[in-house]
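Down below is the structure, laid out as structure tokens.
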Amino acid sequence: MTDIKSPAIPTTEQTAPQVKFADFGLAPEILRALTDQGYVHPTPIQEQAIPVVLQGRDVMGAAQTGTGKTAGFSLPIIQLLLAHASNSASPARHPVRALILTPTRELADQVAENVKAYSRHTPLRSTVVFGGMDMAPQTAILRNGVEIVIATPGRLLDHVQQKTVNLSQVQILVMDEADRMLDMGFLPDLQRIINLLPKKRQNLMFSATFSQEIKKLAASFLTNPQTIEVARSNATADNVTQILYKVSTEEKRDAVSFIIRERGLKQVIVFSNTKIGASRLAVHLVKQGVKASAIHGDKSQQERMAALEAFKQGEVEVLVATDVAARGLDIAELPCVINFDLPYNAEDYVHRIGRTGRAGAKGDAISLHTDQDERLLIDIEKMIKQKIVRLNLAGFVAASVHQPEHRAPRERGEQSDRGGRDRSDRGERSERPARSYQPPKEKVDPWFLKPYEPSSGASSTSNNTTASMASPSNASTPAKPQKRAALLGGFPKA
DNA sequence: AAAAAAT
Numbered sequence: 001m002t003d004i005k006s007p008a009i010p011t012t013e014q015t016a017p018q019v020k021f022a023d024f025g026l027a028p029e030i031l032r033a034l035t036d037q038g039y040v041h042p043t044p045i046q047e048q049a050i051p052v053v054l055q056g057r058d059v060m061g062a063a064q065t066g067t068g069k070t071a072g073f074s075l076p077i078i079q080l081l082l083a084h085a086s087n088s089a090s091p092a093r094h095p096v097r098a099l100i101l102t103p104t105r106e107l108a109d110q111v112a113e114n115v116k117a118y119s120r121h122t123p124l125r126s127t128v129v130f131g132g133m134d135m136a137p138q139t140a141i142l143r144n145g146v147e148i149v150i151a152t153p154g155r156l157l158d159h160v161q162q163k164t165v166n167l168s169q170v171q172i173l174v175m176d177e178a179d180r181m182l183d184m185g186f187l188p189d190l191q192r193i194i195n196l197l198p199k200k201r202q203n204l205m206f207s208a209t210f211s212q213e214i215k216k217l218a219a220s221f222l223t224n225p226q227t228i229e230v231a232r233s234n235a236t237a238d239n240v241t242q243i244l245y246k247v248s249t250e251e252k253r254d255a256v257s258f259i260i261r262e263r264g265l266k267q268v269i270v271f272s273n274t275k276i277g278a279s280r281l282a283v284h285l286v287k288q289g290v291k292a293s294a295i296h297g298d299k300s301q302q303e304r305m306a307a308l309e310a311f312k313q314g315e316v317e318v319l320v321a322t323d324v325a326a327r328g329l330d331i332a333e334l335p336c337v338i339n340f341d342l343p344y345n346a347e348d349y350v351h352r353i354g355r356t357g358r359a360g361a362k363g364d365a366i367s368l369h370t371d372q373d374e375r376l377l378i379d380i381e382k383m384i385k386q387k388i389v390r391l392n393l394a395g396f397v398a399a400s401v402h403q404p405e406h407r408a409p410r411e412r413g414e415q416s417d418r419g420g421r422d423r424s425d426r427g428e429r430s431e432r433p434a435r436s437y438q439p440p441k442e443k444v445d446p447w448f449l450k451p452y453e454p455s456s457g458a459s460s461t462s463n464n465t466t467a468s469m470a471s472p473s474n475a476s477t478p479a480k481p482q483k484r485a486a487l488l489g490g491f492p493k494a
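Numbering-wise (the UniProt record's numbering), the first sequence opens with residue 1 and increments by one.
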């Protein structure tokens, strides 16, 4: 397989004269659509992807989030299909020729909107198909014939079974957020869909992150792919400032409302690892007068779309989300993301914080972490190949200032995977024997600068979480809302 | 260990 990537060479800055969309030989109808939107210059990923896709090559594309991947594959696909576009009204003349799969419904919707916009001056038809919505309208559109289908896997297979869609003419398959599409939860459906496609077709895979494992699996679906890598893979945008605050599990909810209030945040996504946790946090915030709403997979599709729309409109200021919102969603000018829980997968961290700092804008990614998260933190820092500054959150557990090895041995044996062992025993050192992990120096965020007041609450982490397995969702169960008013009162306003 | 995706 041919590689464009070369870690040493900055692929973007190299191209001195600025390329324009008009240079790709795209049809006037496509250029007109771009002009409508005010786009003249392609982003680096677009500059690299468009010619390769136009050649008909398979692509494995890794690019930072918010860099315009969607247009990077949509524009050349439209161009390729346009060569044989039909003006006929007959559905038979409009077989599905391009299929774009995404891991969430909202992302499918968003990609479909983009495709519609880019193809609006062409005779090409497109539609989006996902679950949680009435089958009937989707069926009607599919029966009328569309060249481009954007879909989530389950509902697409449903349509296949109902014989409302025929995939035997698909020439181009796109997997957006490909690494997620290839994970265990999606793979069976994906395989089923692929079995319905012609053997000879063009395959495009895009994601911000590709683990080594997934890269191999991905390659098995591709033929002589061209790798397109803008900036180093698995990287986070450097325009996003990452911050870590240590808190106790009990303090998390109050820490979130504290941060929102003190920073005066009017647009922020707060990520929770669980659906129930997201719902509870949203309720908690609403009780505190915050305009918050939750989005997760246990909500109806109507509720999900309403929450996202209200958030985009600014009616909702805090969107509390599970990882349903971690990938791909493009929310204009989102200045801040908060990780209420640290994600279990380091990749998800990259995707989550990629919701902010899009299209070159600045963004803040604030993560709360507890004693139990140390392993996750190490994984994340390894993945993003940088250390995140650990800061102190005024008035909250300043045990933050101490790394685990400085702590007194635990009295209780609830951390069975760590009990009796020390850091050197925990994986990372044995994987990289040459360079041992150096925890970053803590700094105190001048914003939240406040003297540490030792309190009995600081050690409460290990006391309260008795039989609850210390999982984030359980831990926040009926715990009485701790009044933080006293601490907040004495805090300097910014 | 959890979330997503068909009903």
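Backbone N, C-alpha and C fix where the C-beta goes; we use that ideal spot for every residue, glycine too.
Since we're looking at a predicted model, the values are computed, not measured.
Span of the alpha helix (DSSP H), counted from its first residue to its last, around residue i
i      : result
Ala49  : Pro44 to Leu54
Glu213 : Gln212 to Ala219
Ser257 : Lys252 to Arg263
Ser74  : Lys69 to Leu82
Thr35  : Pro28 to Gln37
Glu113 : Arg105 to Tyr118
Glu309 : Gln301 to Gln313
Gln162 : Where Gln162 is concerned, there is no enclosing alpha helix (DSSP H), given that its DSSP letter is neither H nor E.
Asn195 : Leu187 to Asn195
Met181 : Ala178 to Met181
Contact check, residue i vs residue j, beta carbons under 9 Å
i      : j      : result
Val268 : Pro335 : yes
Thr104 : Val324 : yes
Ile228 : Ala27  : no
Asp36  : Arg97  : no
Ala346 : Val320 : no
Pro71  : Tyr118 : Note on identity: in this sequence residue 71 is Ala, with Pro being the wrong assignment. Yes; because the gap between Cβ atoms is below 9 Å, this pair is in contact.
Ile331 : Arg355 : yes
Ala219 : Met383 : no
Phe130 : Val174 : no
Leu329 : Val256 : no
Leu182 : Asn203 : no
Leu196 : Glu147 : no
Ala292 : Glu309 : no
Gln301 : Gly154 : no
Lys199 : Asp341 : no
Straight-line Cα distance separating residue j from residue i
i           : j      : result
Ile100      : His284 : 38 Å
Lys387      : Thr43  : 28 Å
Gln46       : Gly395 : 46 Å
Gly297      : Asn339 : 18 Å
Ile172      : Val165 : 16 Å
Lys20       : Gly38  : 12 Å
Val240      : Lys362 : 6 Å
Arg93       : Ala151 : 21 Å
Leu157      : Ile193 : 7 Å
Pro433      : Ala63  : Reliability of the predicted coordinates at Pro433 is poor, the pLDDT of 30 falling under 50, and the value obtained from them is presented with this limitation in mind. Distance between the alpha carbons of Pro433 and Ala63 is about 30 Å.
Gln226      : Val350 : 23 Å
Ala365      : Gln242 : 5 Å
Val389      : Asn273 : 22 Å
residue 548 : Thr139 : In the structure as shown, the chain starts at 1 and stops at 494, and residue 548 therefore has no counterpart that could be examined.
Pro17       : Leu75  : 22 Å
Reduced DSSP secondary structure (H/G/I, E/B, other) of residue i
i      : result
Gln386 : coil
Ser456 : Legend: pLDDT at Ser456 = 31, less than 50; position of this residue unreliable, value from coordinates given subsequently. Reduced to three states, the DSSP call for Ser456 is helix.
Tyr344 : coil
Lys441 : Model confidence at Lys441 stands at a pLDDT of 41, short of 50, so the residue's coordinates are unreliable; what they give is reported in the following sentence. If DSSP states are grouped into helix, strand and coil, Lys441 belongs with coil.
Leu376 : helix
His41  : coil
Gln171 : coil
Val128 : strand
Asn144 : helix
Val283 : helix
Gln226 : strand
Val19  : coil
Val316 : coil
Glu428 : Below a pLDDT of 50, predicted positions are generally treated as unreliable, and Glu428, at 33, falls in that range; the measurement from the model is reported next regardless. The answer is helix: DSSP assigns Glu428 an H, G or I state.
Ile338 : strand
Ser436 : Note on Ser436: pLDDT 33, under 50, position unreliable in the model; the coordinate value appears next. Ser436: coil per DSSP, three-state reduction.
First through last residue of the beta strand (DSSP E) which encompasses residue i
i      : result
Ser207 : Gln202 to Ser207
Gln242 : Val240 to Lys246
Gly61  : Val59 to Ala63
Ala292 : Ala292 to Ile295
Beta-bridge partners of residue i, as assigned by DSSP
i      : result
Asn273 : In DSSP, Asn273 forms no bridge with anything.
Gly363 : Val240
Leu99  : Val149 and Leu173
His121 : Partner(s): none; His121 has no beta bridge.
Ala321 : Phe271 and Ile295
His369 : Lys246
Leu391 : Tyr245
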